[in-house]
Structures are given as structure tokens and as C-alpha cells.
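Residue numbering for the sequence shown follows full-length UniProt numbering, starting at 1 and increasing by one per position.
Below: one structure, written as C-alpha cells.
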Amino acid sequence: MKVVALVSGGKDSCLNMLHCVANGHQIVALANLRPPSHSNKDELDSHLYQTVGHDAIPHYASCMNLPLYRRSITGSLLIQSTYYRTTQGDETEDLYELLKEVKEHHPDIQGVSVGAILSNYQRVRVEHVCDRLGLTSLAYLWRRDQKELLDEMIKLGLEAVFIKVAAIGLESSHLGKSIRDMRSSLFELHEKYGVHVCGEGGEYETLTVDCPLFVKRLIIADTEIVTHSDDAFATVAYLKLKKVLVQDKPPNNVDFESIIKRPSWENSIEPILANASSINIQDPKPSTVPAIVNDMEDQSNGGDLTVASCSRSTFHFISGVTAYDNNSMVANGCTIEEETRACMNNIKGYLDKLDLSFADIVSMNVFINDMNNFGRMNAVYKTYFGIKPATRACVAVNLPQPARIQVDLVAVKDGSLEERETMHVQSLSYWAPANVGPYSQAIISQNHAFIAGQIGLIPSNLQLPPSLQSQAALSLHNLQSITTALNLNLKQRILLCLCYVDEEKSIGAVRRMWEYFSNEDSDDSNLRPSPVLYLVVPVIPKNGKVEWHATVDDGKDTGVAGCKDVVDVASGVKATMVTRVIGSTLSSVVRIATNKSEIQISLIVESIVNSLSNIISAYEKINPLCGWNNLLSVRIFYKESVFKENKSQLQRGLNTALKNKTELDTIPAISYVPVISIDNDGSILGLVVHGV
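Written out as C-alpha cells, the structure reads:
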């Protein structure tokens, strides 16, 4: 894509430009924000912009033979939180006006190069502006190892000199020295005092005088040291550039793709690919696929079969929302946009009854019957969320007609939404796939980390590798990247993982990958096996082959306990249950299979209730303060070829049975989702149980 590069003069913005070119993008313009000329200041109190060295920036147009667009910073720091809303007078609006001007002159620009490494403050604001202008942020340095980055700059011949120091161990005598000269000192200061090697903590700032993209170079001819603070602990001083010249240099015939080291996604997944195949897992012999006998036709006391909701403490689960709930006035033959809007409006109605809003939602499970409608559905969906949107997993399933979209959701009322930890990275990088859609990568609330569904996208270009093995391993690597950035222990504190695949024959391979991935660092028997449920669905987004959807404990509760049981839950019916309890949080996955050639609905209901009873018994044994009334939700994935005509009878029968449980004050929210297959052992039902 054609790109405008944000340049501060610093080393990071220049290195990111190099990576943009190496990834096939074309830089067509430069953009910079400077102090107002009337301010007579070289440095502004800004969290967003580097202004020291601004006098040299006009020369960048000659150095790169590109148009340079500049704008004065007139705004100030009004919104100090990480997350940003459009606010007139804030310094972020100056960036919006600058990029808007660039786009007016270059309407074919699609991307913005930004040198953010670790600053969420900077990244979020650039992404916010890009989103408003229909641009994509390109941040190829994001969350990369700073030592590796500094060495990469030096190796590439990127010449950058110190023009500001503001950290322990850095002195005014270091001003004017190159990053090559300062490398050893920076590494030493990092070990001694935790100084960020690339200056991400504001320890120093640089001016790039030459790099492989430059057709000319800068010569700093005259300077003056300006000292803000000569504190014995940490000097704060900068280099005022009184005279900067442009010098010709020999022509560059550089193959950027060959000289720039792009982090390899292939290398990142090699250990999983190499070791997973050696995991010895016996593929199960398929169980009988029975015929269903409806013996519960008269169960009219099962209640309303529309949306169910349940509230436990601060958690709320709303299940099975469609456009057709509550006698919604949606005509058959309506557009997918109209149906999505009706579905989302129904969600709003349920939220209103619980004194909640869309901002309280932490996780959305969206099931769509035709993935070809995804883009149109998404265009409506996104209008209901603002900043910090809910996480989301989306797959295609064969929904019962007439519904084309069905939603389950979790909402949490946990006080200040501003303080809720949310990860929503929209920039292309090497780190993990950008969430360019209206959903966050992760939200942490009430000891739960809700992670968005992860498919095997290559982070730098959002393309899928061709093979199942590569997609499965890369999607796990992407999941690990997100949880590591949030200081979450994915492997040891996993609460639940749903693994969607598009073919039943894929389950054996992805199961081996998960077993290696989740157990490679642990000998704790409480952590084996993990509560994972493998589900076969018709289509995964982007025609992917696998999607992992995880929920993780945030690590604040200490104890992790778990168990696996295979129990006869009814005559001829077995349930395989994997349960994990962390504090008061319960998570369990259940597979129900039978050896019968035909089975009554009443027996299936009995099997589900007895499975739940076994889970609750284990829950109470681990945490005596918890029990039936901590159950928040039960998600039931049913094999569509078995339950073609009998879902409503199953719903009514189960509702009746749970209402008759004297231990339950209110029944949990129950959702029903059709799938092609549950695991590869002939299971007819898969249950996901959540208690808080």
C-alpha cells in the first residue's frame, strides 16, 4: 500500500520506514508535527510527539526526495488516559488535521508508518486517527526486543545521534554521540538501572542523520547544549541544532527485503511443529450416532424458549439472542443488515433490563449461518461499540431457520470502565494480528481474561499460511503473544479453550499441538488435561482451518485445581468431564456420547443434569463456599445431524429438570449451538460450564 511516514527525526520512525519498504509498501510522503513558531520552544511537554531536533526536519524532504507535510502543535494534553476519545483541543487532533491534509493531497494513501515500540499512549492515538481517516497504522517495531532493535539499526547503517538525555547514567557529554558509540553504555545501564535500551521510557531522544532510505544525508554543523536540570541523579539536557546541512551521498541500490531482518513467523512456530507430532495420543474409536426418540412432547412447563439470561454477582450471561426474539418485527426476507440491527437492538433491550450497556460486555460469541455475510453483518455490528469494544469469537454454523445470526455474551459490571484493562491493537506489526474489526484482543475483568478468537493470521500482513499445521501453530503463537503482553500465564491458568476446526480429520493434529503447547513447561498434574473442547463447524473466518477461543485466569487467585472424570451419567450414556477451579471460578467442558442406536430425549436430559451434578460435586469439594447457585451459564453444542428436529424438546425438558432442582434458586443461562461434530469420538453433545 502507499504510505505516509510520521517522522520525528528519531531512529524508531526511520527504522519503521525501512520495515514498511521491506514489507512491500511504498512511502510517498512524510509528515511531522512541530512546536508553534511563536512559542520559541524547541521542546514541548508532549506525551505524543518528539519535538527536540525539529529544526532539522525540513531537510528530510531532500534526504528522501519526498514531499514533507508539517503542522504546528496547537493542542495540549487533555486526555491523559491510555484510551482516547475525540476531544477538541487535545494534541491528538493536530495529528488528525495533519494526516487529513496529507490524504487530501494523496487520496490513494492507505497506510501510516509509526515508530511505536512500547507506548500504548502513542499507538492508541495514531490508531484512533487512522480509524477516523480510513487508514491502517503500520507499527513493525511494536513490542519487539529493544536490544535486538538497537543492534538492527546499527547493522543497517542507520546513523542516529543523541540529541536529548534524561536518565540516570546519561550525561550532557553524551549529546551528539551515535547509537553505535552508545550501545555498550545503554546495555550496561539497562542491566544496572533498567534503562530502556531504545529510550522507550523517555531516557533519551535521537536524530537520524543517515539511513539506507536517504538519498542525501544530514551534517550537524553547529549546536548548543541546553540544560534543563543538572541534577546529580539524572541530567536533563538537549542539543539545540543551530546549523544543519544536507550532503550528497553515493547512490543507494539497496534490496531492502534482503538486508532487513523481518521476524519470521515460521521460526516462531517451529518448536510447536517439531514437537507436537511426537505427542502420543490414541485417536478414539467413534461411538454410536443414535436416533433421537422424542418422549417429551408434552413438556409445556419448560417455559419460554427464547433468550435466557443469568446474573451471578457482577457477571451476567445472555444467551441465544437473535433478531426474532420477543416477537421482534423482522420480516422473513429482510437483509442481513436489517437482521443484524434487530439482533443488536434486542441485545440492547436485554442489557437495559439488567441496567447494563454495550460498554459492559466483555465477550461476544457470534454465530452466523453464512460467512459470505460477515462483512455486511460486521458493518452494522461495529456501530454499537465505542472504545474498548468487547472481545469476540465468530464462526459459521447452520442455525435453525429463520435466524442468520445468533449471539451469546458475557457482561461484567465492575465499576469504572476506564480502569478496565483492555487490549485493542489495530496496527499491523510482527507481534500478533491486528484487530481491525470492532473487537478487542483481550479484556481483563473480575479475575477473568477474555481473549478474542485467534486464527492463524501472519501478523505482518494478515494472510493465512496454507497448511493446517502452520495455521494451528501460528494461531496458538498469536494467542501466546497476547497473553504474554498482559502478563497472563496461558498454559497454567487456562480456564477454557474452544477449538473450532473446519474438518473432523483435523482434530487429531490440533489436539497434539495443544497437548505439547499447554504442557511443555509444566509438571503439575492439576493442569492436565486442560479444559478444551474441539468443535467442527462449516466455516471459520477468512476460510481458516482452526480458531482458538480462550478464557484465562488473571493470576490473582493462587490455587489451581482440576480433575478429569469419565462417568456413566445415564443408562448407556457416558460423560467425559474436564473441570478446573481457580478460587470461586468454575470452568468445565463435557462430552456426552452413547452406545445406543436410539436414545430418548428424557435420557439426554438426565445425562446433562447428572453431568452438572458431578461437576458441582467436584466444585464444592474444591471450594466448599461454592455450589449450584454459582452456575452462570451452560453452553450446549449439539451435533446437528442427531438433533435435527428435537432441539426445542431438549430445551423444554432441560429447563423443566433444572427448575425442579431444589438446590437452584435460578437456573443458569443456557445456549444451544449446532455444530457438525463434537471432538472426533462420536459425542452428540458438548457442554461448556461456567461458574463464578
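All residues carry an ideal CB built from backbone N, CA and C; glycine is no exception.
Check: Please report the Cβ distance between I260 and A22, rounded to the nearest whole angstrom; I am assuming they are in contact, meaning their Cβ atoms lie under 8 Å.; Outcome: 4 Å
Check: Going residue by residue through the segment 526–581, where are the continuous beta strand (DSSP E) segments of at least 3 residues, counting only ones entirely within it?; Outcome: 532–536, 546–553 and 560–570
Check: What does a CB cutoff of less than 7 Å around I670 pick up in its chain, not counting 5 residues either side in sequence?; Outcome: A308, S319, V634, I636 and L654
Check: Which residue comes first and which comes last in the beta strand (DSSP E) that contains R591?; Outcome: T585 to T594
Check: Report yes or no: do three or more beta-carbon pairs, one from the segment 607–625 and one from the segment 257–274, lie closer than 8 Å?; Outcome: no
Check: Any idea what DSSP makes of G691, helix, strand or coil?; Outcome: strand
Check: Give the single residue among D553, P459 and E515 whose Cα lies nearest to the Cα of V581.; Outcome: D553
Check: Helix, strand or coil for H19 per DSSP?; Outcome: helix
Check: Which residue's Cα is closest to the Cα of L586: A570, N447 and S597?; Outcome: N447
Check: Out of T314, M377, P400 and M371, state which residue places its alpha-carbon closest to the alpha-carbon of E337.; Outcome: M377
Check: Run through DSSP, which three-state label would L658 get?; Outcome: helix
Check: Tell me whether Q106 sits in a helix, a strand or coil according to DSSP, three-state version.; Outcome: Note that residue 106 is His in the sequence shown here, rather than Gln. The answer is coil: DSSP assigns H106 none of H, G, I, E or B.
Check: What does DSSP give as the partner residue(s) for A221 in the beta ladder?; Outcome: DSSP output for A221 lists no bridge partner at all.
Check: Using 8 Å for Cβ pairs, my map puts V293 next to Q492. What's the rounded Cβ distance?; Outcome: Not a contact, Cβ separation roughly 44 Å.
Check: Give me, in chain order, the residues of the same chain whose beta-carbon lies closer than 8 Å to that of S300; leave out the 5 immediate sequence neighbours on both sides.; Outcome: Low local confidence applies: a pLDDT of 49 at S300 is under 50, so the model's placement there is unreliable, and no value is given.
Check: Look at the alpha carbon of M371 and the alpha carbon of R71, and state the distance between them as a whole number of angstroms.; Outcome: 44 Å
Check: Does the beta-carbon distance from K216 to S62 come in below 8 Å?; Outcome: yes
Check: Is the number of C-beta pairs between the segment 428–448 and the segment 476–484 that are closer than 8 Å three or more?; Outcome: yes
Check: Tell me where the alpha helix (DSSP H) around D210 begins and ends.; Outcome: Element bounds for D210: not the alpha helix (DSSP H) but the beta strand (DSSP E), Y204 to D210.
Check: What does a CB cutoff of less than 8 Å around V114 pick up in its chain, not counting 5 residues either side in sequence?; Outcome: L6, S13, N16, Q122, R123, V126, S137, L138, A139 and S427
Check: Would N365 and A396 qualify as a contact pair, given that the criterion is a beta-carbon distance under 8 Å?; Outcome: no
Check: Mark L474 as exposed unless 16 or more other C-beta atoms lie within 10 angstroms of its C-beta, in which case mark it buried.; Outcome: buried
Check: Can you round the beta-carbon distance between N629 and D665 to whole angstroms, since I take them to be within the 8 Å contact cut?; Outcome: 5 Å
Check: For I676, name the three-state secondary structure that DSSP assigns.; Outcome: coil
Check: Buried or exposed: which applies to G302, given that a residue is buried once 16 or more other Cβ atoms fall within 10 Å of its Cβ?; Outcome: Residue confidence is low: G302 scores 46 on pLDDT, short of 50, so the model does not pin down where it sits. Its coordinate-derived value is still stated next. Result: buried.
Check: Is I279 closer than 8 Å to E503 when the C-beta atoms are compared?; Outcome: no
Check: So E598 is in the beta strand (DSSP E); what residue range does that whole segment cover?; Outcome: E598 to Q600
Check: So does the segment 76–91 actually touch the segment 228–242, counting three or more Cβ pairs closer than 8 Å?; Outcome: no
Check: Taking the C-alpha atoms as reference points, what is the distance between L207 and G53?; Outcome: 7 Å
Check: Which of the three DSSP states, helix, strand or coil, is assigned to residue 693?; Outcome: Here the chain has residues from 1 to 692 only, and residue 693 is not among them.
Check: Short of 6 Å in beta carbon distance, which residues of its chain neighbour V195, apart from the five on each side in sequence? Order them along the chain.; Outcome: A167, L189 and E203
Check: Compute the distance between the beta-carbons of H477 and A411, then report whether it is under 8 Å.; Outcome: no
Check: Looking at S506 and V546, is the spacing between their C-beta atoms short of 8 Å?; Outcome: yes
Check: So, for T74: in the same chain, excluding its five sequence neighbours on each side, which residues have a beta-carbon less than 7 Å away from its beta-carbon?; Outcome: P36 and D94
Check: With 16 as the cutoff for other CB atoms within 10 Å, does Y60 come out buried or exposed?; Outcome: buried
Check: Do A390 and S357 have their C-beta atoms within less than 8 Å of each other?; Outcome: no
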